[in-house]
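Residue numbers 18 to 976, in this note's numbering, belong to the letters of the sequence shown in order. As structure tokens, the structure follows; a few thoughts come after it.
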Amino acid sequence: MADALRVPFSVLQSSPSPSPLFKPRLCPLTPLRRRLHLKPSPLLLPLFSSSFPSFPRQPLHCSSSSMPLQLSSLSQDSLLFSRAYWVTKTVIAWNVDVGEGSCYLYASKVAALSVTDNGIQGHDLEIKLEEDSSGLPPNVIEKFPHIRDYRAFKLPPTLDAKNLVKCQLAVTEFNSRGKCSNVTGLQLPGILDELFSYDGPLGALYSAEAVSLYLWAPTAQAVDAHIYKDPVVGSPLEIIPLEETNGVWSTKGPKSWEGCYYVYEVSVYHPSTLHIEKCYANDPHARGLSADGRRTLFVDLDADDIKPEGWNELADMKRDIPSFSDISLYELHIRDFSANDETVSRDFRGGYMAFALQDSAGILHLKKLSEAGITHVHLLPTFQFAAVDDERKNWKYVDSMILEKLPPDSAEQQAQITAIKDDDAYNWGYNPVLWGVPKGSYASNPNGPCRIIEFRKMIQGLAHIGLRVVLDVVYNHLHANGPFDKDSVLDKIVPGYYLRRNTDGFIENSTCVNNTASEHYMVERLIIDDLLSWAINYKVDGFRFDLMGHIMKRTMVKAKDALCSLTKERDGVDGSRIYLYGEGWDFGEVAKNGRGINASQFNIGGTGIGSFNDRIRDAMLGGSPFGHPLQQGFVTGLLLEPNGHDHGTKDDEKAMLASAKDHIQVGMAANLRDFVLTDFEGKERKGSEVLSFGGTPVGYALCPTETVNYVSAHDNETLFDIISLKTPVEISVEDRCRMNHFATSVIALTQGIPFFHAGDEMLRSKSLDRDSYNSGDWFNRLDFMYNSNNWGVGLPPKEKNEHSWPLIQPRLANPSFKPQRSHILEAVENFTNVLRIRYSSPLFRLRTENAIQERVRFHNTGPSWVPGIIVISIEDGNEGVPGLSQLDPIFSYIVVVFNACPTEASFSSPTLQGRTLQLHPIQVKSSDETVKKSSYDASSGCFTVPARTTSVFVESRKA
């Protein structure tokens with residue numbers, strides 16, 4: 018074996034938008050090693066019995082396009098690069114200037130190509146390439162914009178391309194003296210899409226008499242299906258060779274295969290090893306698995322015996338959501354929901370079945386939220402992901418009784434959690450192995466159809482309490498690659514196709530690892546097939562796309578159209594009610610449409626697909642998740658309650674606060690691109706003309722439901738934690754609780770779609786952990802009995818938090834920071850009240866850009882604004898009166914005053930004089946004595962609002 022070549026890992030690149038929520042949880046921290054010429058001994062592969070062959074993991078091909086790998090001279094290692102692109106049947110693109118020299122294409126069916134001083138040896142085929150002076154065709158440039166300036170080299174039209182793609186391929190450049198000066202492999206997605214794009218059946222199909230298998234693998238030389246009776250052990254019952262037709266391998270078997278398992282053996286050239294490899298992989302279109310994805314389950318998802326009672330009628334039972342504007346999202350991790358809930362039976366804790374109960378503490382809490390207005394539960398990844406063993410017997414635990422006795426600022430808790438973090442039951446799940454199968458660790462039994470049945474019961478249980486379900490999908494990357502890793506699937510079936518590669522031919526890793534390439538036809542097809550399966554077979558109601566900006570806009574639009582075409586009559590679901598949204602961050606190799614028009618915040622406008630609004634989050638909290646942790650914002654005391662951090666001069670702070678207010682106001686108007694408001698300088702500007710601190714436009718949406726407003730999510734610190742970190746240490750816990758509620762009230766009363774992280778309403782803490790993806794149940798605990806918010810359970814894990822320990826430790830050690838049960842109960846009531854206010858009037862949920870522009874006004878604007886106060890009014894029309902149409906039968910006018918100041922504040926406006934405004938009935942009847950002190954004087958148009966309070970004033974229609 019050749020000595021290993023060190024490959025620099027592609028670090029995360031900065032986004033031009035304010036601090037997107039990356040997923041640093043997966044990123045290796047040290048250089049990766051790529052083994053060369055790694056071919057397993059034939060002795061290791063005669064049988065495929067109990068599990069995948071135990072090869073060493075094939076390390077990643079990790080490199081950044083901005084940091085290309087270089088070799089000092091031509092060698093066999095040159096073939097590890099793929100710097101040329103076979104883009105159409107007759108065109109190869111390569112960034113070389115041949116001049117008086119020449120280029121050749123070489124192929125070897127047995128992967129015997131070798132680099133010598135005289136060029137390539139061991140080939141079956143040698144073809145001279147002719148440069149095409151007209152350059153690359155327009156359709157190629159559109160598909161591969163990052164190689165628009167490459168030279169085009171022509172191939173003979175009679176070339177047998179369909180068979181050549183199964184070979185090891187290389188191109189060489191010879192100078193005018195005939196000396197070989199350049200050698201590289203080829204990237205094949207272009208030619209594969211042109212010759213083998215396919216819309217027919219894939220996966221396992223079931224009829225009354227037979228089971229058929231279809232696998233898209235155009236570069237494979239042979240494919241066999243190993244059929245097993247047992248999910249884990251035993252030799253195959255039979256090994257069935259598949260036959261190929263135009264890149265699709267298929268076979269038909271007996272009905273008795275149902276309930277059995279299978280694995281594909283794919284013989285294929287793999288560019289990471291330069292050899293023909295025998296790869297053992299699950300079906301990319303798998304709909305069932307055995308534990309830990311060892312084998313694919315033959316399961317017909319339409320079979321009656323795996324449908325819970327009433328399943329076929331579920332669509333008619335679901336709560337009606339008239340418009341996407343009526344959605345409110347609640348983000349929840351499956352294990353967080355019940356792992357520590359003693360009102361749930363031990364067998365069901367941390368799994369799907371906890372949602373099927375009707376009287377647990379967690380379910381009663383969700384009922385409370387549903388009744389107040391939450392419409393959708395957004396579940397963190399539920400597909401088959403790596404890093405958590407599906408078999409519960411293999412999980413490791415810590416003794417929580419011991420941890421409970423440790424000091425609140427001790428490092429011992431995190432040390433014990435860290436020691437088992439890769440062997441316990443916890444992970445967020447952003448490390449996908451197979452997209453289309455429920456995760457086995459959340460099921461009572463990870464083998465057979467149990468995970469399918471229990472997942473469906475979870476959907477049913479949530480629907481029973483009025484909640485629809487959104488799945489968090491991660492189509493931007495995969496956990497593994499290469500021919501040997503047990504968690505690698507797609508890169509074994511068609512190596513080099515599913516994963517996006519840079520101009521050296523190595524896998525892009527800007528998402529953290531193994532970026533996928535939705536610009537390739539069959540990657541897009543797999544994504545859409547998978548979404549349709551979740552919608553039809555599990556009746557889910559929405560999808561949240563992780564790092565959506567790394568997916569092409571075309572893919573997102575096609576997915577939306579495909580889902581919208583679903584009908585209750587034909588498919589059992591109404592696809593027009595399925596909502597799509599995601600993270601539209603624009604960074605990495607896809608930034609600025611580097612790989613085609615991507616689904617970024619600025620590109621997705623006009624599609625009706627939502628994206629997270631990080632502008633309002635950063636303006637409210639201050640700075641960004643990747644800035645200084647003490648940077649304050651509108652909610653956390655900027656200017657008005659300094660924490661000692663150097664924000665500049667007082668004038669700087671005032672300007673920052675004024676700018677933050679404008680950002681929040683644009684967000685309150687659904688972050689619309691063309692919404693016109695008066696900024697802090699007194700100028701009328703569109704939302705897109707209000708700029709962030711980095712110069713990026715704040716407003717980008719074209720309709721309200723394209724904006725998902727939020728102030729916290731699973732990434733980064735919880736809302737209560739970040740408030741506790743950024744506010745002055747001397748303020749009271751009551752003040753911090755008030756700020757927590759103030760922040761959630763801003764999100765709840767904005768136009769667009771509000772999004773809340775589970776526990777925001779309960780002052781949830783993760784003991785200041787900024788990235789709890791692998792921090793175990795201990796740091797991620799939710800207490801639906803409202804006894805604790807989980808503050809002060811030890812210093813957060815060292816790996817992601819040690820640099821902030823000097824700030825964190827004294828706060829955790831200070832007992833005055835910890836909320837009591839009374840604070841938590843008050844927070845829950847305040848949260849449900851503000852949700853009820855949102856749903857008390859359609860004026861808080863306007864459906865069109867025009868409606869918002871016509872009805873929404875901001876009043877505390879211009880250079881004379883009162884710092885710390887936002888005043889918004891929403892006007893309704895009157896039936897039979899020209900002008901605005903009437904939307905609300907109860908209220909004709911609403912004014913909301915948001916006072917972030919640490920003291921009572923007043924605001925007067927002539928335009929708000931003479932109205933019959935009164936405090937909202939829900940606030941009048943609440944147990945919050947502070948908000949009841951709010952007042953409005955009609956004669957002066959003056960509003961007086963207590964500190965850190967949101968007061969809603971309404972004008973009722975006359976009887």
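We put the CB at the ideal spot given by N, CA and C, even for glycine.
Start and end residues, alpha helix (DSSP H) containing N818: For the purposes of this step, residue 818 is taken as residue 801 along the sequence shown, with counting starting at 1. Note, N818: alpha helix (DSSP H), 815 to 818.
Inter-residue spacing [alpha-carbon to alpha-carbon] between E816 and D440: Sequence index remark: in the sequence shown, residue 816 carries index 799 (1-based). Sequence index remark: in the sequence shown, residue 440 carries index 423 (1-based). If I take the Cα positions, the gap works out to 17 Å.
Option in S792, H876, P880, Y123 with minimal Cα separation from L146: Taking the first residue of the sequence shown as 1, we reach residue 146 at position 129. Closest option to L146, Cα to Cα, is Y123.
Whole alpha helix (DSSP H) elements within the segment 810 to 859, 4-residue minimum: 815 to 818, 822 to 830, 838 to 855
Buried or exposed by the 16-neighbour rule on C-beta atoms within 10 Å, applied to K503: Against the sequence shown, residue 503 aligns to sequence position 486. Per the 10 Å Cβ criterion, buried.
Length of the line joining the Cα atoms of V104 and T533: Start at 1 with the first residue of the sequence shown, and residue 104 comes out as number 87. Start at 1 with the first residue of the sequence shown, and residue 533 comes out as number 516. If you take the alpha carbons of V104 and T533, they lie about 18 Å apart.
Given 8 Å, three or more beta-carbon pairs between the segment 789 to 806 and the segment 741 to 753: no
Whole-angstrom C-beta distance between I886 and V763, which should lie under 8 Å: Taking the sequence shown and counting its residues from 1, one reaches residue 763 at position 746. Taking the sequence shown and counting its residues from 1, one reaches residue 886 at position 869. Wrong, their Cβ atoms sit about 12 Å apart, outside the cutoff.
T966, buried or exposed, once every other Cβ within 10 Å from all chains shown has been counted against 16: Stepping through the sequence shown from its first residue, residue 966 is reached at position 949. Classification of T966: buried, given that the 10 Å Cβ count is 16 or more.
Residues sharing a beta bridge with E147, DSSP: What you label residue 147 is simply residue 130 of the sequence shown in a count that begins at 1. Bridge partners of E147: K171.
Which of helix, strand or coil DSSP assigns to W412: Along the sequence shown, read from residue 1 onward, the residue named residue 412 stands at position 395. Coil at W412, not helix or strand.
Integer Cβ distance of Y538 from S214, believed to fall under 8 Å: The sequence position of residue 538 within the sequence shown is 521, counting from 1. The sequence position of residue 214 within the sequence shown is 197, counting from 1. Rounded, the Cβ-Cβ distance is 4 Å, consistent with contact.
Proximity of T653 and T767 at Cβ, strictly below 7 Å: By one-based count along the sequence shown, residue 653 stands at place 636. By one-based count along the sequence shown, residue 767 stands at place 750. No. Outside cutoff.
Contacts around A730, its chain only, beta-carbon distance under 8 Å, and the 5 residues preceding and following it disregarded: Here the question's residue 730 lines up with position 713 in the sequence shown. Contacts found: L38, E348, F629, F772, H774.
Cβ-Cβ distance between F191 and S119 below 7 Å: In the sequence shown, residue 191 corresponds to position 174, counting from 1. In the sequence shown, residue 119 corresponds to position 102, counting from 1. The answer is yes: Cβ separation under 7 Å.
The beta strand (DSSP E) enclosing I109, as first and last residue numbers: For this step, residue 109 is matched to residue 92 along the sequence shown. I109 -> beta strand (DSSP E) spans 108 to 111.
Which of helix, strand or coil DSSP assigns to F65: Taking the sequence shown and counting its residues from 1, the one referred to as residue 65 is at position 48. Per-residue confidence for F65 stands at a pLDDT of 27, beneath the threshold of 50, marking its modelled position as unreliable; the derived number appears in the next sentence. Reduced to three states, the DSSP call for F65 is coil.
Outcome for N329 when other beta-carbon atoms lying within 10 angstroms are tallied against a minimum of 16: For the purposes of this step, residue 329 is identified with residue 312 of the sequence shown, where counting begins at 1. When all chains shown are included, N329 counts as exposed.
Inter-residue Cα distance where the pair is M779 and P449: Here residue 779 is taken as the residue at index 762 of the sequence shown, counted from 1. Here residue 449 is taken as the residue at index 432 of the sequence shown, counted from 1. Each residue's Cα considered, the two are about 30 Å apart.
Residue burial classification, R634 (beta-carbon count within 10 angstroms, cutoff 16): The residue labelled residue 634 in the question sits at position 617 within the sequence shown. Per the 10 Å Cβ criterion, buried.
Cβ-based burial, Y278 [other Cβ within 10 Å; buried from 16]: The residue you call residue 278 lines up with position 261 of the sequence shown. With 16 or more other Cβ atoms within 10 Å, it is buried.
Inter-residue CB distance, S890 and I911 (contact presumed, cutoff 8 Å): Here residue 890 refers to the residue found at position 873 of the sequence shown. Here residue 911 refers to the residue found at position 894 of the sequence shown. Contact holds; Cβ gap of about 7 Å.
L812 beta carbon less than 7 Å from that of Q204: Position 187 of the sequence shown, counting from 1, holds the residue named residue 204. Position 795 of the sequence shown, counting from 1, holds the residue named residue 812. Against a cut-off of 7 Å, the Cβ pair of L812 and Q204 comes out as no contact.
Beta bridge counterpart(s) of K295 as assigned by DSSP: By 1-based counting over the sequence shown, the position of residue 295 is 278. For K295, which the question treats as bridged, DSSP gives the partners S284.
Contact the segment 710 to 721 vs the segment 679 to 698: 3+ CB pairs below 8 Å: yes
Exposed unless 16 or more other CB atoms sit within 10 angstroms - verdict on G699: The count along the sequence shown starts at 1 and reaches residue 699 at position 682. With fewer than 16 other Cβ atoms within 10 Å, it is exposed.
Whole-Å CB distance - A497 paired with N531, under 8 Å assumed: Taking the first residue of the sequence shown as 1, we reach residue 497 at position 480. Taking the first residue of the sequence shown as 1, we reach residue 531 at position 514. Contact holds; Cβ gap of about 7 Å.
Coarse secondary structure for P659, derived from DSSP in three states: The residue given as residue 659 occupies position 642 in the sequence shown. In this structure, P659 counts as coil in the three-state DSSP scheme.
Same chain only: Cβ atoms within 6 Å of G368, ignoring 5 sequence neighbours per side: The count along the sequence shown starts at 1 and reaches residue 368 at position 351. Contacts found: Y459.
Exposure of D309, with buried meaning 16 or more beta-carbon neighbours within 10 Å: As a position in the sequence shown, residue 309 is number 292, starting the count at 1. With 16 or more Cβ atoms within 10 Å of its Cβ, D309 is classed as buried.
Assumed close pair A227, T268 - CB separation to whole angstroms, cut-off 8 Å: For this step, residue 227 is matched to residue 210 along the sequence shown. For this step, residue 268 is matched to residue 251 along the sequence shown. Actually they are not in contact, since the Cβ atoms of A227 and T268 sit about 10 Å apart, beyond 8 Å.
Nearest-angstrom Cα separation, counted from A403 out to D588: Here residue 588 is taken as the residue at index 571 of the sequence shown, counted from 1. Here residue 403 is taken as the residue at index 386 of the sequence shown, counted from 1. Their Cα atoms are separated by approximately 31 Å.
Best match in E117, I137, C754, D149 for proximity to W111 [C-alpha to C-alpha]: Looking up residue 111 in the sequence shown gives position 94. Ranking E117, I137, C754, D149 by Cα distance to W111 puts D149 first.
Euclidean distance between Cα positions of I907 and S782: Reading the sequence shown from its first residue, position 890 is the one you call residue 907. Reading the sequence shown from its first residue, position 765 is the one you call residue 782. Using only the alpha carbons, I get a separation of about 39 Å.
Where the beta strand (DSSP E) through V13 begins and ends: Nothing can be reported for residue 13: it is not among the residues displayed for the chain, which extend from 18 to 976.
Cβ-based neighbour list, V127, same chain, cut-off 7 Å, excluding 5 preceding and 5 following: To locate residue 127, count along the sequence shown from 1; it is residue 110. Cβ neighbours of V127 beyond the five flanking positions: I293.
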